[in-house]
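**Student:** Protein chains in written order, with the working numbering: chain A, 1024 to 1325; chain B, 5 to 109. All C-beta atoms in this analysis are idealised placements derived from N, C-alpha and C, irrespective of residue type, glycine included. All values reported here derive from a predicted model rather than from experimental measurement.
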Amino acid sequence: MVSKTEEDQVNRLESQVENGGGGEWEYLCLVRKLKLRRSYNVLKYGLSILNDPKKRSAIGPEEWTLYEQVAAAAMDCQRLDLAKDYVKVLLEKFPESKRVGRLEAMLLEAMGLWEEAEKAYSSLLEDNELDPVIHKRRVAMAKAQGNISGAIEWLNKYLEIFMVDHDAWRELAEIYVSLQMYKQAAFCYEELILSQPTIPLYHLAYADVLYTLGGLENLHMAYKYYASTIDLTGGKHTRALFGICLCTSAIDQLTRGRNKDDKENLQLAPLSALALGKDYKQRAPNKVSMLASTLRSLKLSS
Amino acid sequence: MGAGFVVGVLGVLFLSHAAYSTIQYRSLLKITEDEFTGPPINVVMELIAGLVLCMWAALTVPGKFLSILPQSDENRVVALPSNLDFMIFNHRGKAFPLSIDAKLK
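Shown next, in the form of C-alpha cells:
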C-alpha cells in the first residue's frame, strides 16, 4: 500500500535521478519495495548501474536481485535481447534455481512462445506443486492470450487453494469488471474488504461497482462505502467526494415520488460539495466554475 | 538536541538527589524513632522539578514525532501496488521499445 509520503518520496527520487543527481540505487530499492511498475525508469537506471563495474561492486550481493528486477523491466519494455542477456547471467550464477527458472519462463512468455512457456511452467510445477507464483503466471498467460474465461477458471481454482491471496482476489475482481459481471466483482471486493478493512481503495472500488449495478439498495450501500472511504482517507479523496454527490442525486431521482418521511436523510452531499470546492480552489482554480455548474446540475436533476 | 540533553541530565540529577535526601531523612527518623509519613516538603518540590525537567527532555530530545493515524495526511493510502505477479507483456507498449544501446558486460 503506497502511502502519501512514500509516493512523494518516489516522485522526488525520480525527479532527482532524472536531473542527474544520483540516488539510482535508492530509487530502484524503493520501486521494488512498493511494487510499482515503472519499467522505463527501472530499465534506464538499472542499466546505468549494471554497466558501471564500480557501481556494480558497490551494491555487493544485491546485484542479483537487481538483475532480476531489470530483466523483468526489460521484458516489459520489449527489449528482449537485454532480458535474454540478463537471464543468461543469472543462469550462470544460479544454475538450479527455481526463481531463475520462473524468469526464464516469463521470458518465453514475453517472446510470445506460449506452448514453450506452458511446458516450462508445467515442468516447474512438477517439482513443487504449490508454488503460488507459477499458478499466477499461468493465469497471466491465459489473460495475455485473450482467453479470459480460461484465466477466470484458473484463477478460481487457484483461489480455492490460496484463499488469502489479496492480489489474486483483486485481479479476479478487475477481470469481472472488464467483462461487466458486476455481481461477481462485488463478491470479490467484499472478500477483499473482509480481509483488509483498513485499505480505503477497496471500499472505493466496491462502492463504484455497487453504484454501477444501480437499484435503490445498492445505491444506499454505495453511499455508505463512499463515506467510509472518505473516513479512511481523511477527507482528501476527490473521487469518493464526487461519489457521495452522485449517489445522493441518483437516490433522490429514484425516490422522487415517495413521502418525505420514507426518505432517509442523506446529509453528506452538501458537506462533500463544500470539501470539493475547497480542494478545487486549492489545486485547480480555473476549474472551480465548471465544478460549481456540475454540482448545481446534479442537485437540479433531483 | 544539546540543550534538551543537558536538561534531561539535570532532571535525572535532581531526581537522584531527591532520592538521596529521602534516604538520609529516613535514617535521621530512625535515630529519633519517628514514623516516616512522607518526605519533607522541599524534597517533594525537588521531585516535581525533576519530573518536569525529565518530561520536557523526553519530549524534545527524540525529535519530530511520526503520525500514527492511518488517515492523516502522510499516512493515507494513495495507491495500491500494481499486481506484478499478473503482469503481462502483451500490451500496447510493445510498439514502443525503449531505445537505448545494448549493455556492455
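(1) Would you call G1238/A buried or exposed, if buried means 16 or more other Cβ atoms sit within 10 Å of its Cβ?
(2) Looking at chain B, which residues of the segment 1220 to 1231 of chain A have a Cβ within less than 8 Å of any of its Cβ atoms?
(3) A1094/A by DSSP, collapsed to three states: which one?
(4) Provide the residue(s) that pair with S1026/A in DSSP beta bridges, ordered along the chain.
(5) Among the candidates W1048/A, A1096/A, K1058/A, whose CA atom is the shortest distance from the CA of A1081/A?
(6) Distance cutoff 8 Å, beta carbons only. Does C1052/A sit that close to anything in chain B?
(7) Is S1062/A near the ligand SAM, with its Cβ less than 7 Å from a heavy atom?
(8) When you compare the CB of K68/B with every CB in chain A, is at least one pair closer than 8 Å?
(9) Which full runs of the alpha helix (DSSP H) of 4+ residues lie inside the segment 1285 to 1314 of chain A, going along the chain?
(10) Would you check if the distance between the CB atom of E1138/A and the CB atom of F93/B is smaller than 8 Å?
(11) Can you give the Cα-Cα distance for E1029/A and V1054/A, rounded to whole angstroms?
(12) Please go through the same chain and pick out, in chain order, the residues whose beta-carbon is closer than 7 Å to the beta-carbon of Q1305/A, but skip the five residues on each side of it.
(13) Confirm, please, whether the CB-CB distance from L1242/A to C1327/A is below 8 Å.
(14) Does the distance from the CB of L1126/A to the CB of V1112/A come in under 8 Å?
(15) Can you pull the chain A neighbours of R80/B, defined as C-beta to C-beta under 9 Å?
(16) Taking Cβ-Cβ distances below 7 Å as the criterion, which residues of the segment 1181 to 1195 of chain A are in contact with chain B?
(17) Strictly below 7 Å CB to CB, what residues from chain A border I72/B?
(18) Quick check on this structure: which residue in Y1090/A, P1223/A, L1215/A has the alpha carbon closest to the alpha carbon of M1186/A?
(19) Ignore the nearest five residues each way along the sequence and tell me which others in A1106/A's own chain have a CB closer than 6 Å to its CB.
(20) Which residues of the segment 1083 to 1107 of chain A have a Cβ closer than 7 Å to any Cβ of chain B? Give them in chain order.
(21) Would you mind telling me which residues of chain A sit closer than 8 Å to K98/B, beta carbon to beta carbon, in chain order?
(22) Any Cβ of chain B within less than 8 Å of the Cβ of R1060/A?
(23) Roughly how many angstroms lie between the CA atoms of K1056/A and Y1050/A, to the nearest whole one?
(24) Contact defined as beta carbons within less than 8 Å: I believe V81/B pairs with I1222/A. What is the distance between those atoms, to the nearest angstrom?
(25) Is the beta carbon of L1321/A less than 8 Å from the beta carbon of S1272/A?
(26) Beta carbon of I1253/A, beta carbon of L1202/A: below 8 Å?
(27) Our contact map puts L1233/A next to Y1248/A with C-beta atoms below 8 Å; I'd like the distance itself, whole angstroms only.
(28) Would you check if the distance between the CB atom of Y1001/A and the CB atom of L1227/A is smaller than 8 Å?
(29) DSSP three-state call for H95/B: helix, strand or coil?
(30) Have a look at V11/B, G15/B, K98/B, P66/B and flag the residue whose alpha-carbon is nearest the alpha-carbon of L51/B.
(31) Listed from N- to C-terminal order along the chain, which residues in the segment 1124 to 1148 of chain A have their beta-carbon within a distance smaller than 7 Å of any beta-carbon of chain B?
(32) Can you name, in chain order, every residue of its own chain whose Cβ lies under 7 Å from the Cβ of V1162/A, other than the five neighbours on each side?
(33) I want to see whether chain A comes within less than 8 Å of F18/B, judged by CB atoms only; does it?
**Tutor:** Reading off the structure:
(1) Counting from one through the first sequence, the residue named residue 1238/A turns up at place 215. Counting Cβ neighbours within 10 Å, G1238/A comes out exposed, since fewer than 16 surround it.
(2) T1221, I1222, P1223, L1224
(3) As a working mapping, residue 1094/A is identified with position 71 in the first sequence. Secondary structure at A1094/A: helix, using DSSP grouped into helix, strand and coil.
(4) By 1-based counting over the first sequence, the position of residue 1026/A is 3. V81/B.
(5) The count along the first sequence starts at 1 and reaches residue 1081/A at position 58. Cα-wise, what sits closest to A1081/A is W1048/A.
(6) To locate residue 1052/A, count along the first sequence from 1; it is residue 29. Taking Cβ atoms only, chain B never reaches closer than 8 Å to C1052/A, which makes this a no.
(7) This structure lacks the ligand SAM, and indeed carries no ligand of any kind.
(8) Along the second sequence, read from residue 1 onward, the residue named residue 68/B stands at position 64. So no, K68/B is outside the interface.
(9) The qualifying runs are 1291 to 1306.
(10) Here residue 1138/A refers to the residue found at position 115 when the first sequence is read from its first residue. Here residue 93/B refers to the residue found at position 89 when the second sequence is read from its first residue. It is not a contact, given that the beta carbons lie outside the stated cut-off.
(11) Position 6 of the first sequence holds residue 1029/A. Position 31 of the first sequence holds residue 1054/A. Cα to Cα, E1029/A sits roughly 10 Å from V1054/A.
(12) In the first sequence, counting from the first residue as 1, residue 1305/A sits at position 282. For Q1305/A, where only same-chain residues beyond five positions count, there are no Cβ hits under 7 Å.
(13) Look at the range of chain A in this structure, 1024 to 1325, and you will see that residue 1327/A is not part of it.
(14) Numbered from 1 along the first sequence, position 103 holds the residue referred to as residue 1126/A. Numbered from 1 along the first sequence, position 89 holds the residue referred to as residue 1112/A. Contact: no.
(15) Against the second sequence, residue 80/B aligns to sequence position 76. Residues of chain A with a Cβ closer than 9 Å to the Cβ of R80/B are, in chain order, S1026, K1027, P1223, L1255, T1256, G1257, K1259, H1260.
(16) D1190, R1193, E1194
(17) If you number the second sequence from 1, residue 72/B lands on position 68. Here the premise fails: no neighbours, minimum Cβ distance about 12 Å.
(18) Looking up residue 1186/A in the first sequence gives position 163. The candidate whose alpha carbon is nearest that of M1186/A is L1215/A.
(19) Counting from one through the first sequence, the residue named residue 1106/A turns up at place 83. Closer than 6 Å at Cβ, skipping near neighbours: A1094, A1097, M1098, L1130.
(20) Cβ contacts with chain B come from M1098, D1099, C1100, Q1101, R1102, D1104, L1105.
(21) The residue you call residue 98/B lines up with position 94 of the second sequence. Correct list: Q1101.
(22) The residue you call residue 1060/A lines up with position 37 of the first sequence. Cβ-Cβ to chain B under 8 Å: yes for R1060/A.
(23) What you label residue 1056/A is simply residue 33 of the first sequence in a count that begins at 1. What you label residue 1050/A is simply residue 27 of the first sequence in a count that begins at 1. If you take the alpha carbons of K1056/A and Y1050/A, they lie about 10 Å apart.
(24) Position 77 of the second sequence, counting from 1, holds the residue named residue 81/B. Position 199 of the first sequence, counting from 1, holds the residue named residue 1222/A. About 6 Å; that satisfies the 8 Å criterion.
(25) For the purposes of this step, residue 1321/A is taken as residue 298 along the first sequence, with counting starting at 1. For the purposes of this step, residue 1272/A is taken as residue 249 along the first sequence, with counting starting at 1. When the beta-carbon positions are compared, L1321/A and S1272/A come within less than 8 Å of each other.
(26) If you number the first sequence from 1, residue 1253/A lands on position 230. If you number the first sequence from 1, residue 1202/A lands on position 179. In this structure, L1202/A does not lie closer than 8 Å to I1253/A by Cβ.
(27) Indexing the first sequence from 1 puts residue 1233/A at position 210. Indexing the first sequence from 1 puts residue 1248/A at position 225. 7 Å between Cβ atoms; contact.
(28) Absent from the structure is residue 1001/A, since the part of chain A shown begins at 1024 and ends at 1325.
(29) Locating residue 95/B in the second sequence gives position 91, where the first residue counts as 1. Note: H95/B maps to coil in three-state DSSP.
(30) The sequence position of residue 51/B within the second sequence is 47, counting from 1. Taking only the C-alpha atoms, the option nearest L51/B is G15/B.
(31) E1132, A1133
(32) For the purposes of this step, residue 1162/A is identified with residue 139 of the first sequence, where counting begins at 1. Around V1162/A: A1174, W1177, L1178, Y1181.
(33) If you number the second sequence from 1, residue 18/B lands on position 14. Not one chain A Cβ lies under 8 Å of F18/B.
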